[in-house]
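Below: one structure, written as structure tokens.
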Amino acid sequence: EDQVTQSPEALRLQEGESSSLNCSYTVSGLRGLFWYRQDPGKGPEFLFTLYSAGEEKEKERLKATLTKKESFLHITAPKPEDSATYLCAVQASESGAGSYQLTFGKGTKLSVIP
Amino acid sequence: DAGITQSPRHKVTETGTPVTLRCHQTENHRYMYWYRQDPGHGLRLIHYSYGVKDTDKGEVSDGYSVSRSKTEDFLLTLESATSSQTSVYFCAIRVHKTANSYEQYFGPGTRLTVT
Chain Z
1381 EDQVTQSPEA LRLQEGESSS LNCSYTVSGL RGLFWYRQDP GKGPEFLFTL
1431 YSAGEEKEKE RLKATLTKKE SFLHITAPKP EDSATYLCAV QASESGAGSY
1481 QLTFGKGTKL SVIP
Chain D
174 DAGITQSPRH KVTETGTPVT LRCHQTENHR YMYWYRQDPG HGLRLIHYSY
224 GVKDTDKGEV SDGYSVSRSK TEDFLLTLES ATSSQTSVYF CAIRVHKTAN
274 SYEQYFGPGT RLTVT
């Protein structure tokens, strides 16, 4: 069974204090790993897809990296507007070409304090 | 904004009544998905569709049915709503960026309360 574990569950940072969120996964062959941002009362907003170990992607203050067992979302010099819940999801190779099903973690709630 | 709308956005209904949620997309993408999101759980897949009249079950499909008669619309029906189906429901579409890469975009969600 595919599993995705995100840590920590919640993280409080001072504005400008860089940190990382972790997403560890167990899948029978990784087809893709996805990061989303979710604000309260809204749908998840797509951030990145990573496909192979060693791959990195960046967007503004966010950088996602991928190894064979986990992914990190690095947040550099965060601002209060980066406060949100960050979700990680994986698509396993065995989920079938006809579904592209994603298995989600429970998320990390990030609070950035001015 | 991936051109996804959901209706209604909020609904309160009584146990035992049927409920239909609608997801509409404007870009004719083939794959559409219904998820539910509950505290303490990640997003969980209910059903998905890979074309008109082509649907399949996800992880938590019991008590739900779906239909897709047009590319742009994907309906989720709770035949007889129960309190355990109180949740936030999200629709999603899959968008291929290249032959080997894709992204999945979500709608704004429907908050359903079953009393």
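Protein chains in written order, with our numbering: chain Z, 1381 to 1494; chain D, 174 to 288. Ideal Cβ placement from N, Cα and C applies to all residues, glycine included. Remember, it's a predicted structure, so these values are computed and weren't measured experimentally.
Alpha carbon to alpha carbon, how far is Z/K1443 from D/E232? Give it in angstroms, no decimals.
Counted from its first residue, the second sequence places residue 232 of chain D at position 59. Counted from its first residue, the first sequence places residue 1443 of chain Z at position 63. Cα to Cα, D/E232 sits roughly 30 Å from Z/K1443.
Checking contacts by CB at 8 Å: is D/R241 closer than that to chain Z?
Here residue 241 of chain D corresponds to residue number 68 of the second sequence, with the count starting at 1. Answer no: the Cβ-Cβ gap between D/R241 and chain Z never drops below 8 Å.
Give the residues from the stretch 174–189 of chain D that approach chain Z closer than 9 Å (Cβ to any Cβ), ordered along the chain.
Those residues of the stretch 174–189 of chain D that come within reach of chain Z (Cβ to Cβ, closer than 9 Å) are A175, I177 and Q179.
Z/Y1431 lies in the beta strand (DSSP E); which residues open and close that run?
As a first step, residue 1431 of chain Z must be located in the first sequence, where it is residue number 51. Careful: Z/Y1431 lies outside any beta strand (DSSP E) and carries neither H nor E.
By DSSP's criteria, D/T228 is part of a beta bridge. Which residues make up the other side?
Here the question's residue 228 of chain D lines up with position 55 in the second sequence. DSSP lists D/S222 as partners of D/T228.
Are D/I177 and D/G280 touching if we call contact CB-CB under 8 Å?
As a working mapping, residue 177 of chain D is identified with position 4 in the second sequence. As a working mapping, residue 280 of chain D is identified with position 107 in the second sequence. In this structure, D/G280 lies closer than 8 Å to D/I177 by Cβ.
Is the separation between the beta-carbon of Z/R1417 and that of Z/A1464 shorter than 8 Å?
Here the question's residue 1417 of chain Z lines up with position 37 in the first sequence. Here the question's residue 1464 of chain Z lines up with position 84 in the first sequence. Contact flag set, yes.
Answer with buried or exposed for D/A265, where buried requires no fewer than 16 other C-beta atoms within 10 angstroms of its C-beta.
Residue 265 of chain D sits at position 92 when you count from the first residue of the second sequence. It is buried - the Cβ of D/A265 has at least 16 other Cβ atoms within 10 Å.
For D/K230, I'd like the list of residues in its chain whose CB is within less than 7 Å of its CB, leaving aside the five on either flank, ordered along the chain.
The count along the second sequence starts at 1 and reaches residue 230 of chain D at position 57. The residues are H220.
Does DSSP put D/E200 in a helix, a strand or coil?
Looking up residue 200 of chain D in the second sequence gives position 27. Coil, per DSSP.
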